[in-house]
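K.L.:
Chains A and B supply the protein sequences, listed in that same order.
To convert, count from 1 in the first sequence and add 4; that's the numbering used here.
To convert, count from 1 in the second sequence and add 25; that's the numbering used here.
Think of the CB as a built atom: it goes at the ideal place given N, C-alpha and C, for glycine as much as any other residue.
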Amino acid sequence: MSRIVGAIAATVLTILALVGVATAWLTVSWPLWGIGALLCLAMVVVAIGWIVAWWWPPLAFRHARWRLDAAGLEIYRGVLWRHRIAIPAHRVQHVDVAQGPMQRMFDLGTLIVHTAGTQHASVELSGLNHGEAMRLRDLLIEFRGGNDVV
Amino acid sequence: MPVMAEPATVVDAEPAMARLAEPNHLHPSSVLFEVLSHVRQLILPMLLGAASAVQGSILGGGVAGVIFAIAVGFTLLRYFTLKYHIRDEDLVVTEGLLFRRVRVIPIRRIQNVDLVQNLLHRLFGVAEVVIETASGGEPEAKLRVLRLDQVAVLEDAIRAVSGGTMIPAPSLVGSEIREGLAGDSDAASLVDAKIREGLAGHSAANEFASGAAQPAPSPTPQSDEVVVHRIPIRHLVLAGVASNRGMILVGMLLGYVVQQQDFDERFDIDALAGYVPQSTDWWVTAILIAAGGLAAIVLLRLLGIAWYILRFYDYKLSRRGDDLRVACGLFTRVSATVPRRRIQFISVHRPLFLRWMGLACIRIETAGGAGKGMEDASSTISRRWFCPVLADRDVDRLLRELRADAAFAWNDLQWLHVAPQTGKRLTRIALVASIVTGVAGYWFWPPWGWLVGPALFPLLVLLVWKKAKARRLATTGSCVLFQSGLFTRKLSLAFLDRIQVLEVRQSPFDRRWQMASLRIDTAAAGPADHVIDARFLSQGVAQQLLEQLRASSSLHTPAWQ
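1. Across which residues does DSSP place B:D139 in a beta bridge pair?
2. Residues bridged to B:N49 by DSSP?
3. Check whether the region 569-581 of chain B touches the region 126-144 of chain A, counting contact only when three or more Cβ pairs, one atom from each stretch, lie closer than 8 Å.
4. So what does DSSP say about B:N436, is it helix, strand or coil?
5. Looking at chain A, which residues of the region 442-458 of chain B have a Cβ within less than 9 Å of any of its Cβ atoms?
6. Compare the C-beta of B:R544 against all C-beta atoms of chain A and say whether one is closer than 9 Å.
7. Please work out which residues of its chain come closer than 6 Å, Cβ to Cβ, to B:L335, disregarding the five sequence neighbours upstream and downstream, and give them in chain order.
8. Just how far apart, CA to CA, sit B:V60 and B:A89?
9. Pull up the DSSP beta-bridge partners for B:E250, would you.
10. Taking Cβ to Cβ, would you say B:I460 is nearer than 9 Å to B:S517?
11. Using beta carbons (cut-off 9 Å, strictly below), is A:I91 in contact with chain B?
12. Considering only the alpha carbon of each residue, which of B:I132, B:H110, B:S62 and B:V129 lies closest to B:F99?
13. For A:G159, which three-state DSSP category applies?
14. Could you tell me whether the region 446-466 of chain B touches the region 537-547 of chain B, using the rule of 3 or more Cβ pairs below 8 Å?
15. Taking B:P471 as part of the alpha helix (DSSP H), name the residues at either end of that continuous run.
16. Just checking: is the beta-carbon of B:T547 within a distance shorter than 9 Å of some beta-carbon in chain A?
17. Tell me whether A:I91 is buried or exposed, calling it buried when 16 or more other Cβ atoms sit within 10 Å of its Cβ.
18. Can you list, in chain order, the residues of its chain whose CB lies under 6 Å from that of B:K491, leaving out five sequence neighbours each side?
19. Starting from the C-beta of A:A137, find all residues in its chain whose C-beta is less than 6 Å away, skip the five residues before and the five after it, and write them out in chain order.
20. Given this structure, state the Cα-to-Cα distance separating B:S503 from B:K108, to the nearest angstrom.
21. Mind checking whether A:G76 and B:T547 have CB atoms under 9 Å apart?
22. According to DSSP, what are the bridge partners of A:G76?
23. So A:T119 contacts chain B; which residues on that side make the cut at Cβ distance below 7 Å?
24. Given a threshold of 16 other Cβ atoms within 10 Å of its Cβ, counted over all protein chains shown, does B:V13 qualify as buried or as exposed?
25. In the region 477-508 of chain B, which residues sit with their C-beta less than 8 Å from some C-beta in chain A, listed in chain order?
26. Between the Cα of B:R169 and the Cα atoms of B:D348, B:N137 and B:L57, which residue gives the shortest distance?
27. Can you check whether the CB of B:T158 is closer than 9 Å to the CB of B:I183?
28. Taking Cβ-Cβ distances below 8 Å as the criterion, which residues of the region 53-81 of chain A are in contact with chain B?
29. By a C-beta neighbour count over all protein chains shown, 10 Å radius and 16 as the cutoff for buried, is B:A385 buried or exposed?
30. Report all residues from its chain with a CB closer than 6 Å to the CB of B:R474; omit the five preceding and five following residues, and keep chain order.
31. How do the region 425-440 of chain B and the region 259-272 of chain B stand: do at least 3 beta-carbon pairs fall below 8 Å, yes or no?
32. Nearest to B:H50 by CA position, among B:S360, B:W410, B:L521 and B:V117, is which residue?
33. Exposed or buried, B:K494, counting other C-beta atoms within 10 Å across all chains shown (16 or more means buried)?
34. Should A:C44 go down as buried or exposed, given a rule of 16 or more other Cβ atoms within 10 Å for buried?
35. Could you name the residues of chain B that A:V99 contacts, counting a contact when the two beta carbons are closer than 7 Å?
36. On the DSSP bridge assignment, give the partners of B:M272 in chain order.
Dropping the structure here:
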């Protein structure tokens, strides 16, 4: 269940970003009485941020799934707006595996599948184990075969 | 009416190849057309220069002269450095003197070859050739201009190469572009060597692919041209009457007028009102205004007709082997060739007025090519206006020409409609919308403005209901049909072997109503102006459909049978 680590990483990142934003806000604003109000606002925002940061990743994780079978790759994702994306086998143009610095720390990777489509020219699948992403990439490339799409 | 000489005369593939093995120049009159196109771009500065020259300033005239000379110089340079030839199975275009550019376009990758011939081109017996591959953006190569027999040779050579085995090599969509600074000859030869290296690798890949794939039955490349469809002038006139093309001209004019500064000073409403004769009888004024309106409408329709006839006069759709060719135009003749296997998406549009007259239009899409913003004449014809108008009864026949498996028993199709609860959901949306407009109406016209809301409500309900009812989706063994639109009814066909991505999407509202929308993405770039986005489906239906399409479309290998 290493993907939970991804959720934690995301949480840490969100909190850091939020704290940064809040402090920046405080240093920039000048009005006398406004600072108090701004502080309250910032606290509320940060609190919401904390709650969201704490609750969102497990939620997102629970709704994110993928599977690869003979028919191709299928991805489920989204908490409020739910998406189920299917890429039929042979339609894959090329596949990237990307890794940010934070992802590298937790040995995670993002799989980016490119198709010849227009609205879904690339489909991302993040929060995979890096090794798993690489394995998946190899499988997809193998799937793609020698056939041409367009 | 001089008709464009058909470059369809059968030329033996061998001599064609032989002629193209050596580097070829463009036609000498290219210089003229290039200069003309430069002049068109530089017309403003040059006019300014000329104007000041007339006023006696030598400087202005000098500037204009220099600009002109530079344009001519560049064009001459381009003419002498641009060469094209066919090597192995690639079309090679070299250009540039300092920055040399060698563009290698694998012939199998060519999506379509288009020709544009305006009046002047026709006078010289030449044409502009536009070659496109699946890579988006601008065309891969523009050969401006070639003599018609040069065009024929090029086309035959392309057909000879791509007509053999139909299964193309794996990698390398589009073309390779190599740029090198070739100031001295050493560097030039280095670049050349590099290219040869790349080519060797590429053709090896080619061999590998054709070895791995089973040899496909080759469509006879030299078969005769069969005329599939012609558009009678009557249809063009009808389409012109039905279309709002004239409005575009008016819009351009309006935009121009508004853009002029001090609009208010020169063109105030009072002055306009002065043109309306002040009569003591109100009905005389009314009749005059009505007559003016009617005249404007008639003028617009006439403009529409003119546009259609200019564009599509003598429209001819023909098929030669696997290639479809469209040729049309009154002054500027455009001819576009689309290989059948490149068609990604077919869309049949029936705008309200056309529908009443029993007419329709067909749009097709191939992969890549220019987006909406950078369309030029040829791609406009071949995609956006593949068949601008045809009788309803001809639609079936034409669809079958486009794809052999696009034959439908329309009455037996199992149409899927929107979920039953859609009506309720849309009524609620309409209610919210009318309340909002009511509140807004009260805000702007205090005492009775809120009446707008309730008045709007039944209209809105009717509209959204009808719209929802117009949406439907059906599947056959080889294709998905999707129809939507209340006024302009659009019916699109996505073939299972062309489906790129399937998606079921559910917004929070969708989930509340247990609905979902199914989207089907193809490689079509958008000019057909229709996206398969089946909204308001029942959740279960959408999921099941995705499952089914996913399984069946992965079975269809994309290679053209």
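P.N.:
If we stick to the structure as given:
1. Per DSSP, the beta bridge partners of B:D139 are B:V155 and B:A361.
2. B:Y109
3. no
4. B:N436 falls in the helix class under three-state DSSP.
5. none
6. yes
7. Around B:L335: L355.
8. 14 Å
9. Answer is B:R345.
10. Not a contact, by the Cβ cut-off of 9 Å.
11. yes
12. B:S62
13. Any answer about residue 159 of chain A is impossible in this case: the structure gives chain A only from 5 up to 154.
14. yes
15. Here B:P471 belongs to no alpha helix (DSSP H), and DSSP marks it neither H nor E.
16. yes
17. buried
18. L511
19. V101, G113 and L115
20. 44 Å
21. no
22. A:D73 and A:P92
23. Neighbours of A:T119 in chain B, taken as residues whose beta carbon is under 7 Å from its own, are Q525 and V526 in chain order.
24. The question about residue 13 of chain B has no answer here: the residues shown for chain B are numbered 26 through 586.
25. none
26. B:L57
27. no
28. Answer set for the region 53-81 of chain A: A74, A75, G76 and E78.
29. buried
30. Note on residue identity: the sequence assigns Gly, not Arg, to residue 474 of chain B. These residues qualify, in order along the chain: G466 and Y467.
31. no
32. When only C-alpha atoms are compared, the closest one is B:V117.
33. exposed
34. Its Cβ having fewer than 16 others within 10 Å, A:C44 is exposed.
35. Chain B residues near A:V99: none, gap ~13 Å exceeds 7 Å.
36. For B:M272, which the question treats as bridged, DSSP gives no partner whatsoever.
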